[in-house]
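Before any comments, here is the structure.
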Amino acid sequence: MFSKCIVIGASSGIGEQLVLQLAHPSRTVAAIARRKERLDQVADQARGPVLTYAHDVTDYDAAPELFEGIVEELGGVDLVIYCAGVMPSVDEGEYNWAKDRAMLEVNLLGAVRWLDLAAGQMEAQRSGTIVGISSVAGDRGRRGAPVYTASKAGFTAYLEALRNRCTRYGVDIVTVKPGPVRTSMTEGMKLPFMIDADQAAAGVLKLAEGGTGTGYVPKIWSPIMGIIQHVPSFIFRKTNV
Amino acid sequence: MLLRHELPRRVYDGFGRAAVGLSVFVRPHGVDELQLSLERAANEGLKVAFRGNGRSYGDAALNTGQLIVDMTAMDKVLSWDGETGVIEAEPGLTINQLWQHTLADGWWPPVVPGTSWPTLGGCVAMNIHGKNHYKLGGFGDHVLELDLLTPTGQRLLLSRESNAELFRGVLGGFGMLGCVTRVKMQLKRVHGGRLLVRQWALPTLSHQFDAWEHCQGEDYFVSWTDCLGFGSSQAGRSQMHSARYAQPDQDQEGAVTLHRDAQRLPGSLMGVPAPLVPLVLKVFYSHDLMVRFMNQAKYAASFYSSTAPFFQSHAGFHFLLDQMPGFREAYGAGGFIQFQPFVPREHAQQVFAEIIRVGLRRDLPSYLGVIKRYRPDDFLLSHALDGYSLALDFKVTASNRSALWQTCQELADLVLDAGGKFYPAKDLILRPDQFRRAFGQERITAFRELRKQVDPDRVLRTDLSVRLGIDEPG
Chain S
9 MFSKCIVIGA SSGIGEQLVL QLAHPSRTVA AIARRKERLD QVADQARGPV LTYAHDVTDY
69 DAAPELFEGI VEELGGVDLV IYCAGVMPSV DEGEYNWAKD RAMLEVNLLG AVRWLDLAAG
129 QMEAQRSGTI VGISSVAGDR GRRGAPVYTA SKAGFTAYLE ALRNRCTRYG VDIVTVKPGP
189 VRTSMTEGMK LPFMIDADQA AAGVLKLAEG GTGTGYVPKI WSPIMGIIQH VPSFIFRKTN
249 V
Chain G
3 MLLRHELPRR VYDGFGRAAV GLSVFVRPHG VDELQLSLER AANEGLKVAF RGNGRSYGDA
63 ALNTGQLIVD MTAMDKVLSW DGETGVIEAE PGLTINQLWQ HTLADGWWPP VVPGTSWPTL
123 GGCVAMNIHG KNHYKLGGFG DHVLELDLLT PTGQRLLLSR ESNAELFRGV LGGFGMLGCV
183 TRVKMQLKRV HGGRLLVRQW ALPTLSHQFD AWEHCQGEDY FVSWTDCLGF GSSQAGRSQM
243 HSARYAQPDQ DQEGAVTLHR DAQRLPGSLM GVPAPLVPLV LKVFYSHDLM VRFMNQAKYA
303 ASFYSSTAPF FQSHAGFHFL LDQMPGFREA YGAGGFIQFQ PFVPREHAQQ VFAEIIRVGL
363 RRDLPSYLGV IKRYRPDDFL LSHALDGYSL ALDFKVTASN RSALWQTCQE LADLVLDAGG
423 KFYPAKDLIL RPDQFRRAFG QERITAFREL RKQVDPDRVL RTDLSVRLGI DEPG
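Taken in sequence, the protein lines are chains S and G. Each residue of the first sequence is one higher than the one before, counting from 9 in my numbering. Each residue of the second sequence is one higher than the one before, counting from 3 in my numbering.
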């Protein structure tokens, strides 16, 4: 159903798999990431046309020109997926501005920069789908990852606001909250209900096709987070979650 | 960094919501800031459009992919003389702010549209009209002087004496000759804050045109026209309104009602609280049959009500649209277009009847029809003529859009065959060839000559100017 797609954060993990699964002879995918060589390797494996663009999402000033150039190249745009994200490990008792800032910049500010551009374009054209890869982590503030959870909570709230703003103009806004996924981000970690990146990407695309809404990947996280979200704060702070 | 990448963006729409465009924008607070933006835009090839309060129905204040200069921050009254009724103001001042400033001294804008929210700059750019064009002409007839900033950075004083050709072109030139930065105009002396209004019903279009013969005796004259009706014989029936300024001996409360509190708009319309009006209208506008019932009720109400004159505040009489905040939402997601042909007196009745007939026959009826009377004037791209206009609201949906455009373009040919004209503030459908026929090749050539003088690099552009082919040879 989509024919002109942009994936931001496309060189590894879920983003890489999204590009590979979206790639189709009848569809052009613009893949954006910092690492051009990695992107080109992804493009080589793809079964359809993939255009690659080297870009750091924290280079905010460069985004408008790049976005406009890509839209022109694609001849329009009907799907934008933001899945750039970083999660450096933060130890117990560690307060690290460099890591915290990087998470806010990539996970939240970069998302706002790119999806504002996409939303303006789509609101004006009265159609399109925006997908944000947020996280189950955004549902609660966790002691193990204060700023990561904050960046994802912010992203989730931003996507909800975009949805409330744009749905009336025919734009679908999809929030995807994956649980743990086996990628370089989670290397060496043992986490519950972990899935592979290709499974996660398939789940994301299914939600994207379903239109406006919020969904967990895999679905098992929906009841789990339903419960976790309702654990009273005075109990939640005593757990190790 | 280029302006086009640095500036904030915004999705703008026309008042009818059927046209939208994404633009970058600036909102200058003074002439110097405005000039700087113009210079920077011109240097990087960014095209510029000026926008006031966005009350043009179509694409006149859109500039897709380019720069919108939002003029609403330049809204100061620069001088006001309560003795002579001459005001000077910045272009972002609204009609609403204008009368609030002057009415207590006994002065009212001689020409006002059906809403008080347009800016003076917009009123100049469109040379807007009211319900008294046949008597006092358009907005431009009361403008004494303009300051104009051109894209090349010239600051010119325009009046009937100085730069007269440009003055004639800027009034109604839809912002294509530069940015108006000061408007000096003459207001009209009123003795009180109220009009003596008369309302009556007439069963056919031909009755209406007989009634219009007597409009010269009234200060304002307007007719609402039912474009549906139950059965074709009812289409064309109307609710007429005429109004006169109340003379001192007619209105004991004249002086008191000059106060702005006496101009407060009623909180309800036909018994419906104002905030709910758009919702109720949305229900009625959801189907033609519902509109038939609504029009029937409106006609019947005026048929059975007294025709004795009654007092109404200036604001209450003129600004019906302002009594329904959110009115433009009532047509649903696709919005609506206003189609307003101007037809010479001798052909008006026949052309209007045909337009209403075609709408009904093609299942594209107008939900609203308003007839007004005009006199010719001398502005370069004037929509005024010795004749009438019929303003029609058509609901736009995803499924009717192409048929509606097709039909309106055919109707436009009908209007042009009769020597008619159109009004850029209301237009979203004209083709370049139709625009040329409406205003005449000679006038368009003269307008292009003016453009060459003040905007040789063609910095100024709107979606309207592109659609109408303002700068295209031919």
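Each residue gets a CB set at the ideal place from its N, CA and C atoms; glycine is no exception.
| query | result |
| --- | --- |
| By a C-beta neighbour count over all protein chains shown, 10 Å radius and 16 as the cutoff for buried, is G:Phe354 buried or exposed? | buried |
| When you check each C-beta in the stretch 68-99 of chain S against every C-beta of chain G, which residues fall closer than 7 Å? | Asp69, Pro72 and Glu73 |
| Under 8 Å, do S:Leu215 and S:Val189 count as touching if we go by C-beta distance? | no |
| Tell me which residues of the stretch 6-29 of chain G have at least one Cβ-Cβ distance to chain S shorter than 7 Å, keeping chain order. | His7, Arg11, Val13, Val22, Gly23 and Leu24 |
| From S:Phe201 to S:Gln237, what distance separates their C-alpha atoms? | 18 Å |
| Chain G beta carbons: is any one of them nearer than 8 Å to that of S:Ala169? | no |
| Going by other Cβ atoms of all chains shown within 10 Å of its Cβ, with 16 needed for buried, is G:Val285 buried or exposed? | exposed |
| Let me make sure I understand the geometry here. Which of S:Gln129, S:Arg148 and S:Phe10 has the alpha-carbon closest to that of S:Ile232? | S:Arg148 |
| Could you give the first and the last residue of the continuous beta strand (DSSP E) run that contains S:Trp105? | First-last for S:Trp105: Trp105 to Met111, but that is the alpha helix (DSSP H), not the beta strand (DSSP E). |
| How close, in whole Å, do the beta carbons of G:Pro426 and G:Phe169 come, if the pair is a contact with beta carbons under 8 Å? | Going by Cβ atoms, the distance from G:Pro426 to G:Phe169 rounds to 18 Å, so no, they are not a contact pair. |
| Assign S:His63 to one of two classes, buried (16 or more other C-beta atoms within 10 Å of its C-beta) or exposed (fewer than that). | buried |
| Assign G:Leu383 to one of three DSSP states: helix, strand, or coil. | coil |
| At a Cβ threshold of 8 Å, is S:Ala132 touching chain G? | yes |
| Any beta carbon of chain C sitting closer than 8 Å to that of G:Met296? | The structure shown contains no chain C; its protein chains are S and G. |
| State yes or no: is the beta carbon of S:Gly136 nearer than 8 Å to at least one beta carbon in chain G? | no |
| Beta carbon of G:Leu483, beta carbon of G:Arg294: below 8 Å? | The shown model of chain G, from 3 to 476, leaves out residue 483 of chain G, and the question about it has no answer. |
| Along chain G, which residues have their Cβ under 8 Å away from the Cβ of S:Gly128? | Arg11, Arg12, Val13 and Leu24 |
| Check each candidate in G:Ala317, G:Gly84, G:Thr309 and G:Arg42 and name the one with the smallest Cα separation from G:Arg6. | G:Arg42 |
| What residues are listed by DSSP as bridge partners for G:His289? | Answer is none; G:His289 lacks a bridge partner. |
| On the criterion of 16 or more Cβ atoms from any shown chain inside 10 Å, does S:Glu24 qualify as buried, or is it exposed? | buried |
| With distance defined between alpha-carbon atoms, name the residue in G:Lys186, G:Thr154 and G:Thr152 nearest to G:Arg162. | G:Lys186 |
| Which runs of the alpha helix (DSSP H) spanning at least 4 residues fall entirely within the stretch 134-187 of chain S, listed in chain order? | 154-174 |
| Counting only C-beta atoms, is G:Met3 closer than 8 Å to chain S at any point? | yes |
| So what's G:Val423 in DSSP terms, helix, strand or just coil? | Reading off the sequence, residue 423 of chain G comes out as Lys, not Val. The answer is strand: DSSP assigns G:Lys423 an E or B state. |
| I want to know whether the stretch 8-23 of chain G touches the stretch 64-72 of chain G - three or more CB-CB distances under 8 Å. | yes |
| Can the beta-carbon of G:Val71 be found less than 8 Å from the beta-carbon of G:Ile97? | no |
| Near G:Asp290, which residues of its chain fall below 7 Å by C-beta distance, leaving aside the five closest residues on each side in sequence? | Leu230 and Pro367 |
| Going by the DSSP bridge assignment, what does G:Arg196 pair with across the sheet? | G:Ser315 |
| The beta strand (DSSP E) spanning S:Glu76 covers which residue range? | Per DSSP, S:Glu76 belongs to no beta strand (DSSP E); it is in the alpha helix (DSSP H), Ala71 to Leu82. |
| Which term fits S:Val239, buried or exposed, when burial requires 16 or more other beta carbons within 10 angstroms of its beta carbon? | exposed |
| Could you spell out the range, first to last residue, of the alpha helix (DSSP H) harbouring S:Met233? | Trp229 to Ile236 |
| Could you tell me if G:Asn45 is buried or exposed, where buried requires 16 or more neighbouring beta carbons within 10 angstroms of its beta carbon? | exposed |
| Would you check if the stretch 188-197 of chain G and the stretch 302-318 of chain G touch, i.e. whether three or more CB-CB distances between them fall below 8 Å? | yes |
| In three-state DSSP terms, what is G:Asp72? | strand |
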